[in-house]
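This report refers to the structure that appears directly beneath it.
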Amino acid sequence: MFIILYQLFDISLMIIFLLIFLLLLLFLKLKHTQKQLHDIEFQKKVFSKVQKNSSQLTCLFTIDRKYNIKYISANAQELLGYSQNLFISKKILYHELIIEEDRSIIYNTINNLTVQRNFYVVNYRVKSSTQKIIWILEQGYGIFDKKGKLIAVEAMFTDISYSKEMEQKMLESENKAKILIENSPIAICLISDLKINYCNSIFLKQFGYKNYKDVIDMSILDFVHYDYHQSFTKALNSLEANSQLQKEIEAIGIGKN
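To convert, note that position 106 of the sequence shown is 119 in the working numbering; the numbers rise steadily by one, no gaps.
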């Protein structure tokens, strides 16, 4: 917006006109700010009612240089070890609880929200009052003003530490199994739906292959003589149907050459 004033009046009238104009702009800006605050206060009341029927930690925060919490549910004490009032009074800042290397994950996710794509899901780690590391699943959506500017975010936080711990243990178990298979003196391969998912170096050597990539996703039947395909497949199906861990299957193998 810009204004051009022709000097039709004396300078004092021009100054009075400009002062009135500036006061009008200030009034409109104040009304807009009050409307935003009213909307956020309304969202706080709605969110508080929603939280009463939810076991998840819920939060409403505004977007500025720091994520200022306007509402957080009382179970913040149970999950994070800090009371509801400590967050709202800003004595504890939630973003400072996020592990430093994980902060950019949530910041970038929220800053990329748009009116059309205003829902997000993100995982990250926080540190509780006892310095315990907690994995958080955050699900939320942005609140936008009439101009499409992001002004606040409503989110729900779920502690997924247990599932992350189980995931890590499964990964460690899988790695240990692969080490045992790799060091086995006999040829071993892991299959699913007749396709090879993994094999050890003895298997590669026995069938004339040098690279794992050449074998992965091949059918196990490619390594079995055609005359044994039917009996071999039947034996595998029986093994799976009866949940057997071990069964001897005799067949003639076929190498690469």
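Note that beta-carbon positions come from the ideal geometry of N, C-alpha and C, so glycine has one too.
- Sorting Val-139, Ile-119, Met-169, Phe-236 by C-alpha distance to the C-alpha of Ile-201 places Phe-236 at the top.
- For Tyr-154, the pairing in a beta bridge is given by DSSP as Phe-132, Glu-167.
- Gly-268 sits exposed, since fewer than 16 C-beta atoms from the chains shown fall within 10 Å of its C-beta.
- Tyr-154 sits close to Phe-132, with the two beta carbons spaced by under 9 Å.
- Of the candidates Ile-233, Ala-87, Thr-143, Ala-87 places its Cα closest to the Cα of Gln-97.
- Comparing alpha carbon positions, the residue from Asp-115, Asn-125, Leu-70, Ile-119 closest to Tyr-95 is Leu-70.
- Assigned with DSSP and collapsed to three states, Ile-111 falls in strand.
- Counting along the chain, Lys-218 sits inside the alpha helix (DSSP H) bounded by residues 214-219.
- By the Cβ rule, the segment 224-240 counts as touching the segment 204-214, because three or more pairs are nearer than 8 Å.
- Minimum Cα-Cα distance from Lys-83 among the listed residues Lys-103, Gln-90, Glu-91, Leu-93 corresponds to Lys-103.
- When rounded, the separation of the alpha-carbon atoms in Val-166 and Leu-249 is 53 Å.
- The shortest C-alpha to C-alpha distance from Tyr-225 to any of Leu-203, Tyr-120, Gln-144, Gln-243 is the one to Leu-203.
- A residue is called buried once 16 or more other Cβ atoms fall within 10 Å of its Cβ, and Leu-184, having fewer, is exposed.
- Ile-146 is the residue among Ile-146, Ser-197, Ala-190 whose C-alpha sits nearest the C-alpha of Lys-177.
- C-alpha of Ile-119 to C-alpha of Asp-227: approximately 40 Å in a straight line.
- Our two residues, Leu-92 and Lys-162, have alpha carbons roughly 31 Å apart in a direct line.
- If you draw a straight line from the Cα of Asn-121 to the Cα of Val-135, it is about 11 Å long.
- Secondary structure of Asn-210 (DSSP, three-state): strand.
- Apart from sequence neighbours up to five positions away, the residues of its chain that approach Tyr-107 with a beta-carbon distance below 7 Å are Tyr-80, Ile-82, Phe-100, ordered along the chain.
- Excluding the 5 residues flanking it on each side, Ile-215 has same chain C-beta neighbours closer than 8 Å at Ser-197, Pro-198, Ile-199, Ala-200, Ile-201, in chain order.
- In this structure, Ile-112 and Trp-148 do not form a Cβ contact; the two beta carbons are roughly 10 Å apart against a cut-off of 8 Å.
- Here Tyr-222 has Val-228, Lys-269 as same chain residues with Cβ atoms under 7 Å from its own Cβ, once five neighbours each way along the sequence are excluded.
- Under the three-state reduction of DSSP output, Asp-172 falls in the strand class.
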